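Numbering (numbering that gives the first Met the number 0), first residue to last: 0 to 146. In what follows, a single structure is set out as structure tokens and then discussed.
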Amino acid sequence: MTREEFEELVAEALDRIPPELTRLMDNVAVFVEDEPPAGEPELLGLYEGTPLTERGEWYAGVLPDRITVYRGPTLRMVERETATGGDRGAVGAGDAGGGHEAENSREGREGRNGREGVVEEVEITVVHEIAHHFGIDDERLHALGYG
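The following block contains the structure:
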């Protein structure tokens, strides 16, 4: 899948976020990168910034929060799931620092493949990272099925 196609999937996932929530998003930008930082090869997405729940009177004149969705790990994870019938195996060290890793991705997606699998994973990753912007932690995201 080309970078342009992947970027379009991210844009479509953002478009599916209910308007009631997108109106509340403040000072956040979404990016697509091909690969995550060195040492985190399975990172699917990353939120960097100050969640809305932690902003106070001091919050002014700051750079936008940043949500990054990583193309390479997402495509590799779906390809691996397709090849192994849905078994991701051990693929990450866990979710830290507002990131979403393949190991922590939502369970129960056997049978998905190719573009369908990428669409689903991009949507889950976008929701996961936006949830961090709203101050929702990983434990709650896992309970909701977006871990």
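The beta carbon of each residue, even a glycine, is placed where N, CA and C say it ideally should be. Note that the coordinates shown come from a computational prediction; the quantities given were computed from them, not determined experimentally.
According to DSSP, which residues form a beta bridge with residue i?
| i | result |
| --- | --- |
| residue 33 | According to DSSP, residue 33 bridges with nothing at all. |
| residue 46 | 66 |
| residue 130 | Answer is none; residue 130 lacks a bridge partner. |
| residue 28 | 65 |
Can you confirm whether residue i, when its beta carbon is compared against all beta carbons of chain B, has any partner nearer than 8 Å?
| i | result |
| --- | --- |
| residue 74 | In the structure shown, chain B does not exist; there is a single protein chain. |
Please classify residue i: is it buried, with 16 or more other beta-carbons within 10 angstroms of its beta-carbon, or exposed?
| i | result |
| --- | --- |
| residue 120 | buried |
| residue 21 | exposed |
| residue 48 | buried |
| residue 63 | exposed |
| residue 12 | buried |
| residue 5 | buried |
| residue 35 | buried |
For residue i, which residues in the same chain have their Cβ closer than 8 Å to its Cβ, ignoring the five residues on either side in sequence?
| i | result |
| --- | --- |
| residue 44 | 66, 67, 68, 69, 98, 99, 124, 125, 127 and 128 |
| residue 2 | 31, 33 and 70 |
Do you know how far the Cα of residue j is from the Cα of residue i?
| i | j | result |
| --- | --- | --- |
| residue 23 | residue 55 | 15 Å |
| residue 136 | residue 143 | 11 Å |
| residue 50 | residue 131 | 6 Å |
| residue 60 | residue 41 | 33 Å |
| residue 27 | residue 83 | 36 Å |
| residue 58 | residue 79 | 42 Å |
| residue 30 | residue 134 | 19 Å |
| residue 138 | residue 39 | 20 Å |
| residue 19 | residue 46 | 20 Å |
Note down, in chain order, each residue of its chain lying with its Cβ closer than 7 Å to the Cβ of residue i, except the 5 sequence neighbours on either side.
| i | result |
| --- | --- |
| residue 117 | 0, 8, 73, 74 and 77 |
| residue 155 | The chain is shown from 0 up to 146; residue 155 falls before or after that span and cannot be answered. |
| residue 140 | 127, 130 and 146 |
Can you list, in chain order, the residues of its chain whose CB lies under 6 Å from that of residue i, leaving out five sequence neighbours each side?
| i | result |
| --- | --- |
| residue 17 | none |
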